Amino acid sequence: MLVDFKLLIEDLRRLQTPDEFTLYWDRVQEELSLVASEYSKLKFKYERSNKEKNILSSLLTRTSADLKKVSEHLKIRAEELSTILSTIPAYVYFKDIDLKYILVNQSFAELFGADTDQIHGKRIKEILPGYNNPGYFEQENKVINSGTAVYDIEEEIEFNGRLRWVSTNLAPIRNVEDQIIGLIGISWDITERKHYESELRYSKELAEAGTMAKNEFIASISHEFRTPMNGILGLAEILRTTALDENQMDHLKGIITSAENLLVLVNDLLDFSAIEAGKMELDFHPFMLDRVLEDIFQMLNLKAREKSLDFSVKIADAVPTHLVGDSQRLRQIIINLANNAVKFTDQGKIEIRISLENRSADRALLRFEVIDTGIGIPPEAKDSLFKVFSRIKQNQHKLIAGTGLGLSICKKLTDLLGGEIGVESMLGAGSTFWFILPFELSGIKVFDPFKTETFQELLYTGQKVLVAEDNLINQKIVCFQLRRMGFEVELADNGQSAYEKYTGGSFDVVVLDIQMPLMDGYQVAKAIRIKEQNTFKHIPIIALTANAMKGDRELYLAAGMDGYVSKPFTAETLQQAIQLAVAVASRYSRD
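Residues 2 to 592 (my numbering) are what the sequence shown spells out, left to right.
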């Protein structure tokens, strides 16, 4: 509010009395007070506006600097992105929501043989008319519609007359409001990789074919070897039942030992082939440890006595005997190690020890040791002892006989069974081979009523057996062994004749060779089982086979056989197989 001084003077002239003057003065004082108040408000507003102006000025200055900095940063990043896109060996492209190219890198443009400007705003069929991959379009639409990235889309495309393989990853592009506005694709040329993969597949197929051929060769050699070996060992067993003088018996023992050593070699080759091919079968089942060790003792004690060696098996009191594991592979490892101990020990003793390493409520860790007083092992040979074809030198010029497979197989078997193996030895002072294996504890009492410690003559007196075997020597051997058991034997020299005799006669047991003319053992067994249908009969059928490869046992069982014996076999082995087959067949008959 501004004061009008002319008006003020005129008002003062009109005043007549002191009271009028006093009243007028009071009024002037009020107006001056209002003026002062207005002045203070205006001053405050001015000062505040001035301060705000300064703040705004500062903010504008800082914002301008920040914008400049951000602009420079974006420029740098744009240059970096441009550099990356132009130098990256991958093919990079950006598409809008209509799947039109909005940006591609130089590698992508060169792949299509076009400039980047020529590609912008076009779809792929406009720049590559021959392209037609519905699956790829489907993947792009999936990315746009779902916002989900897709990886490793492989396709073969023709670019400028050349076929190339590419692998592409797709991902969505979103704006600041999280809306999908397009996608980015990154592709790599994988043509060379595809060529390598093709070569690897071809090499793998060749290797598999080679492995199959090798396995078939080994199986064939095994079969061809086992058949005459069965003749050698079988005839030797027959000869042993005759009256021989001491010199003749020594010669016969030499024949049997040599044949058994050859058989060990064949078995080692088969096991090694199966392990190398990853086809070694493991059969975990309840068994009694003391019974396995008793069998091993019976088997090896005679060999030890022939060299005047003490042979013993010692089981610690804490060792559980009712176990679940692969008793056959356990037996194989112990026999292999013990055979080596007998072979390389000329005086002293062989001892097998079993102790408890650790035990829980349902598992036990057992330690097996085969201790000998033999020639020992030189320190430099220990590291390679369990490697394939590794053999020890008896002296500077002579290698100890053997294939070098036995210990390697023991090592691979312990690995398969989840254990470990090692040796402690001193040259000239003997060796201790040890291995540790885990077992489950069995709550099942294992009782084997079919086990025979020794051969029992005339066990099946009055019973009739049908034998199908085409090899004359094997006929003589198996018939001799069966007659010793008391069987009356009916012989057929081919599968068809065997089936005809079965249908026309009455038999208690059937023994079938697998490989026979006209009808093989599988066909005869299947035909017998078909004929038995709805009769509540199940005759025991035992296979005689020279095959010993993985899957053979399953084939025999699938054909309806109740057991099998691998050639060469002994009278004890054949008798045990018959006892087991009879027991199995009796369960079928009751059912």
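The C-beta atom is built at its ideal place from N, Cα and C for all residues, glycine as well. Here the structure is a predicted model, which means the values were calculated and not measured.
Query, Result
"Bridge partners - D514, DSSP secondary structure assignment", "L545"
"Collapsed DSSP secondary structure at T212 in the structure displayed", "helix"
"Endpoints, beta strand (DSSP E) assigned at T169", "R163 to R175"
"Beta-carbon contacts of L290 that lie in its chain and below 6 angstroms, excluding the five residues immediately before and after", "T322 and L324"
"Supposed contact pair S356 and V611 - C-beta distance, whole angstroms, cut 8 angstroms", "This structure does not reach residue 611, given that the chain is present from 2 up to 592, and the question cannot be answered."
"Whole-number beta carbon distance between L581 and F564, since they are thought to touch under 8 angstroms", "Reading the sequence as shown, one finds Gly at residue 564 and not Phe. With 8 angstroms as the limit, G564 and L581 qualify as a contact, their Cβ atoms being about 5 angstroms apart."
"Same chain, Cβ closer than 8 angstroms to Q464, five either side skipped, listed in chain order", "G487, F488, E489, D509 and V510"
"Backbone secondary structure at Y47 - three-state DSSP", "helix"
"Residue range of the beta strand (DSSP E) that includes S432", "S432 to L442"
"Check whether L438 and T415 have beta carbons under 8 angstroms apart", "yes"
"Residues near A260 by beta carbon distance below 8 angstroms, same chain, minus five either side", "M230, I233, L234, A237 and P569"
"C-alpha distance - L61 paired with L24, whole-angstrom precision", "55 angstroms"
"Local Cβ density within 10 Å of K305, reported as buried at 16 or more and exposed below that", "The displayed chain sequence assigns Ala, not Lys, to residue 305. Buried, since its Cβ has 16 or more Cβ neighbours within 10 Å."
"Distance between E381 and Q397 (C-alpha atoms, nearest Å)", "Any reading at Q397 must be qualified, since the residue scores a pLDDT of 47, below 50, and its modelled position is unreliable; no value is offered."
"Cα-Cα separation between E295 and D471, rounded to whole angstroms", "36 angstroms"
"Span of the beta strand (DSSP E), counted from its first residue to its last, around I110", "It should be noted that the sequence gives Ala, not Ile, for residue 110. Premise fails: A110 lies in the alpha helix (DSSP H), Q107 to F113, not in any beta strand (DSSP E)."
"When I316, K308 and S328 are compared against K344, the one with the closest alpha-carbon", "K308"
"Collapsed DSSP secondary structure at E573 in the structure displayed", "helix"
"At least 3 beta-carbon pairs within less than 8 angstroms: the region 533 to 543 vs the region 256 to 271", "no"
"Under the three-state DSSP convention, the category D373 falls into", "strand"
"Where P130 sits in the DSSP three-state scheme", "coil"
"N170 versus L129: straight-line alpha-carbon distance, rounded", "20 angstroms"
"Nearest candidate by alpha-carbon position, reference M427, set N337, L264 and I378", "I378"
"Cβ-Cβ distance between L104 and V144 below 8 angstroms", "no"
"Where the alpha helix (DSSP H) containing M300 begins and where it ends", "L290 to E307"
"Beta-bridge partners of I199, as assigned by DSSP", "Residue 199 is actually Ser in this sequence, not Ile. Beta-bridge pairing links S199 to no other residue."
"According to DSSP, residues forming a beta bridge with K96", "Y102 and L184"
"A547 versus F434 - alpha carbon distance", "32 angstroms"
"Residue burial classification, S432 (beta-carbon count within 10 angstroms, cutoff 16)", "buried"
"Inter-stretch contact at 8 angstroms, needing at least 3 Cβ pairs: the region 203 to 221 / the region 105 to 118", "no"
"Close Cβ partners of K527 (< 8 angstroms) along its chain, the five nearest in sequence each way excluded", "A560 and G561"
"Terminal residues of the beta strand (DSSP E) in which S313 lies", "D311 to I316"
"Contacting residues, own chain, Cβ-Cβ under 6 angstroms from K399 (five flanking each side not counted)", "With a pLDDT of only 44 at K399, under 50, the local geometry of the prediction cannot be trusted, and the value read off the model is given with reservation. Correct list: empty, nothing qualifies."
"Span of the alpha helix (DSSP H) around N596", "Any question about residue 596 goes unanswered here, given that the chain covers just 2 to 592."
"Residue range of the unbroken beta strand (DSSP E) whose run includes A493", "E489 to A493"
"Close Cβ partners of I353 (< 6 angstroms) along its chain, the five nearest in sequence each way excluded", "V314 and V371"
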